[in-house]
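Residue numbers (full-length UniProt numbering), protein chains in the order written: chain A, 1 to 253; chain B, 1 to 253; chain C, 1 to 253; chain D, 1 to 253. Built from N, CA and C at the ideal position, the CB exists for glycine as well. Quantities reported herein were computed from a predicted structural model and do not represent experimental measurements.
There are 4 protein chains.
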Amino acid sequence: MIAVEDFRARIHAGLSGSLPGRLTWAQRFSAAMILLSVGFAIAITEPDIAARVGRWISPIELAFATWFAAEYLLRLWSVGEDPRYAGLQGRVRYAVTPMALLDLLSIAPFFAGWGSQSFVIRLLRLFRLLALSRLVRYSMAMRLVLDSIYSRRHELLFSISLAGSVILISAAALYSVEAELQPDAFGSIPRALWWSVCTLTTVGYGDVVPHTAWGKVFAGLTAMSGIGLIAMPTGILAGAFSEAFAAKRRNTE
Amino acid sequence: MIAVEDFRARIHAGLSGSLPGRLTWAQRFSAAMILLSVGFAIAITEPDIAARVGRWISPIELAFATWFAAEYLLRLWSVGEDPRYAGLQGRVRYAVTPMALLDLLSIAPFFAGWGSQSFVIRLLRLFRLLALSRLVRYSMAMRLVLDSIYSRRHELLFSISLAGSVILISAAALYSVEAELQPDAFGSIPRALWWSVCTLTTVGYGDVVPHTAWGKVFAGLTAMSGIGLIAMPTGILAGAFSEAFAAKRRNTE
Amino acid sequence: MIAVEDFRARIHAGLSGSLPGRLTWAQRFSAAMILLSVGFAIAITEPDIAARVGRWISPIELAFATWFAAEYLLRLWSVGEDPRYAGLQGRVRYAVTPMALLDLLSIAPFFAGWGSQSFVIRLLRLFRLLALSRLVRYSMAMRLVLDSIYSRRHELLFSISLAGSVILISAAALYSVEAELQPDAFGSIPRALWWSVCTLTTVGYGDVVPHTAWGKVFAGLTAMSGIGLIAMPTGILAGAFSEAFAAKRRNTE
Amino acid sequence: MIAVEDFRARIHAGLSGSLPGRLTWAQRFSAAMILLSVGFAIAITEPDIAARVGRWISPIELAFATWFAAEYLLRLWSVGEDPRYAGLQGRVRYAVTPMALLDLLSIAPFFAGWGSQSFVIRLLRLFRLLALSRLVRYSMAMRLVLDSIYSRRHELLFSISLAGSVILISAAALYSVEAELQPDAFGSIPRALWWSVCTLTTVGYGDVVPHTAWGKVFAGLTAMSGIGLIAMPTGILAGAFSEAFAAKRRNTE
């Protein structure tokens, strides 16, 4: 009995980690499995690769699914070590935490789609990518970054709404100037929005480009505003990180 | 009499907000209406959507216009609560504030264009987008961001004028090198400016690209200066925000 | 005699400014003339515009040249107010300062090219754009920005040399992978450098794009390094500006 | 005997530098030789240039190789001045330091490929580019920059993994939406990754562009996330550099 409890404690320590920011070997293995399974899921969408590995796809998928299901059950069993999740009620409480639901969602599609290969099932399998978000749970720095962003959410929202306004205004300007010459690309504001977003983010595919002189003037102004609208959130985040790093240093001193 | 004044005070509190940075329910509803009306105005410029919703366009537009007119009149009436705008004279003073004029300008085009659907009217309707700027009035962080930008206006102006010089110089360089090979794209400095702005902002549509070796050398130098000219305002804003955040923290401590 | 000296002092105060960072009316007029003359020089390179304004070009150019020559001579005369440039020797010392030479260089081409309209003369006229750099002399913030950049020149040089190395390495990689498939675009490292610079600066014209799988892998890595190589100088400048703004605040307190 | 030791000390001082951050004339010459040899190696990959300089290529290559071999041997001999690398054993210890191995690797290919001109040898010669990394050894600021980046490696890793997740998710989204319409560009997630990386880094070649309405919506969201994912590492680095510059100032005060 003591042996089982000791084993459960070891499993819990392995899966949930004892020291913050430090991965156990079990966690490292788990992370590697997630990355491998995501890489495999991505690779087999390519027909050339799928045709070559052919008959190995099903066994490999089964192996991954079995591992993730086993890890999920082990985690559910061993989480009882944590006083918050002790007992059957505690397990239910754990099972409805967002992270546990995400774990379940990344496993379920495989067993649900077992045997069938419809497009919807393949799409559901893409949810497996969400399992990647489990990796960040391992990271400490994440908290500092996310807290800094959260502390400046109002400033960031302002810069986002400003960017949104510029996107709308430049789309409207190009629509009014280029609509007659290029109805497919600028025939309506929703159509012009595609160009507007591509320009303001400085992506600039070049599939849609203004042809009139005024269109080019507005496009140039939009592109230059783009620099400002990239600079603003970057500057806000830089200020937030500066403060967060300084605060952390003061605390550790 | 007391009931009416109490009602006016409530309306004023609802429309103008009592606590800074905190939206009242009336303000949230107003913001939602603005976003909806802008979204609707954008959507119906798309012929496919306009054809589908057809006969609903007029009633929906009337509903939006009525709401905004009612809000404007309510605001004008209730603003008397504010000692600065009390009495008829105060109302006139309020009506000529930039924000009130903007409100009026976002309502008037509808009633002016009632019945007609000419292109000019549709263009005027785009001014409704300006109503979006009312949203930012709700935001507190806006002040911190705008003050930071304003406090560094000279540094930003310097980096903008430096960018402007580089744009002109690279346009002149490409004009002198590529004009003969590509007269349409580089046949004059105003024409070359289009390429120059697209390159320096790193948008890079690719509709106009240098073909000569020297043209490519100048283009490469322009693109690399572009990085510096993005980095400069971003760095200035980052410094300004760092200081503003630190000053705010010191004040609240 | 006193009247002339008083007049000279006024001219000197007007042209050279008495308070730092504050433009006199004479300086504002001068700046406007420079901007107008540059705008005019740019506009008349466009054949459509040149044909339309036709016979007005020569008189306008003469007017601008006369103004700049008059300003230059007035400055040379009135600079004697400054003890450093008093007397004939002082004037010569002033005339060989970089800014005075630049002024002269922006005036001379017109009188040199008087009557002829060859392409070389038109190219020389582009030097008039350099007159724009006089505008920045008016600015105070310029010093803070340039000092900040100078104080971090070693860090910036390191990030530039790192960027240069990545440009060379990615050009070499694409050359070795794509040379056979696209000899025009990747047939040598100098040719591949064009693609490399366009990608690393995130301009991305799209006139030259890798076609092989390995080429795309290297291109993706290059594009992602591009983000880092933009982030590095931006971060360095942000840090430098933060420090400069803080130092300035401490000094003024 | 004393003369030889004195000579060795001078060579050592010349090659390894006595003061940090200050290049000796020998080091400056060495850096110039590296840049020249790299420039030469790049230039002769261009067939036009190779054909023109023709018979000078071999002698020039031999001269560069001889110089670098001589420098390597001199360094190996004079490094004995450093107590850590004194004696034969010390020399071996020095020879296996990463920098010395890199030096050797940048010399060996030439002597190995002497006479033959196969493609593999030409590829090996590209390793000479790695010799450029020796330049950064001369720099002091490099340490500050690299230390700042290292001190924030966890935050940077978090932002990189976030960027990686967004790249995967947007590739999956475009694959599910555009695969049928554009099988070549979006027929599998690995194929869609090319588009995804080009968009998120805001390079935007435009060789692959979404055509469906949903594809454009996802692409717009990806492009806008791109701004955030550029802003995050930039902000983190800005914060790190701010702190590093402030710490350095405190230390020197």
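Less than 7 Å between C-beta atoms, sequence neighbours within five positions excluded: which residues of the same chain meet that for residue i?
| i | result |
| --- | --- |
| residue 3 of chain C | none |
| residue 118 of chain D | Since pLDDT at residue 118 of chain D reaches only 41, below the 50 mark, its modelled position is unreliable, and no value is offered. |
| residue 190 of chain D | none |
| residue 81 of chain C | 8, 9 and 12 |
| residue 67 of chain B | 33 |
Excluding the 5 residues preceding and the 5 following residue i in the sequence, name in chain order all residues of the same chain whose CB lies nearer than 8 Å to its CB.
| i | result |
| --- | --- |
| residue 225 of chain C | 166, 170 and 200 |
| residue 14 of chain B | 24, 25, 26 and 27 |
| residue 76 of chain A | 91, 94, 95 and 100 |
| residue 148 of chain A | 237, 240, 241, 243 and 244 |
| residue 154 of chain B | none |
| residue 218 of chain A | 170, 173, 174, 177 and 210 |
| residue 208 of chain D | 182, 185, 186, 194, 195 and 198 |
| residue 74 of chain B | 11 and 15 |
| residue 104 of chain D | 72 and 95 |
| residue 156 of chain C | 149, 233, 236 and 237 |
| residue 57 of chain B | 44 and 50 |
| residue 36 of chain D | 64 |
Is it the case that the Cβ atoms of residue i and residue j are separated by a distance below 8 Å?
| i | j | result |
| --- | --- | --- |
| residue 197 of chain D | residue 220 of chain C | yes |
| residue 195 of chain C | residue 185 of chain C | yes |
| residue 234 of chain C | residue 235 of chain B | yes |
| residue 50 of chain C | residue 110 of chain C | no |
| residue 107 of chain A | residue 69 of chain A | yes |
| residue 210 of chain D | residue 168 of chain D | no |
| residue 29 of chain D | residue 60 of chain D | no |
| residue 230 of chain B | residue 230 of chain C | yes |
| residue 97 of chain D | residue 202 of chain C | no |
Rounded to the nearest angstrom, how far is the Cβ of residue i from that of residue j, given a contact under 8 Å?
| i | j | result |
| --- | --- | --- |
| residue 44 of chain C | residue 53 of chain C | 7 Å |
| residue 145 of chain C | residue 242 of chain B | That belief does not hold up - the Cβ atoms of residue 145 of chain C and residue 242 of chain B are roughly 16 Å apart, past 8 Å. |
| residue 181 of chain B | residue 212 of chain B | 6 Å |
| residue 215 of chain C | residue 206 of chain B | Not quite, the Cβ-Cβ distance comes to about 18 Å (not below 8 Å), so this is no contact. |
| residue 79 of chain B | residue 85 of chain B | 5 Å |
| residue 204 of chain A | residue 228 of chain B | 19 Å between Cβ atoms; not a contact. |
Can you tell me where the alpha helix (DSSP H) with residue i in it begins and where it stops?
| i | result |
| --- | --- |
| residue 56 of chain C | Looking at the DSSP string, residue 56 of chain C is not in any alpha helix (DSSP H), and its letter there is neither H nor E. |
| residue 43 of chain B | 25-43 |
| residue 177 of chain C | 153-178 |
| residue 222 of chain B | 213-252 |
| residue 89 of chain A | 87-95 |
| residue 199 of chain A | 189-200 |
| residue 183 of chain C | 183-186 |
Excluding the 5 residues flanking residue i on each side, which residues of the same chain have their C-beta closer than 6 Å to its C-beta?
| i | result |
| --- | --- |
| residue 152 of chain A | 236 and 240 |
| residue 16 of chain D | none |
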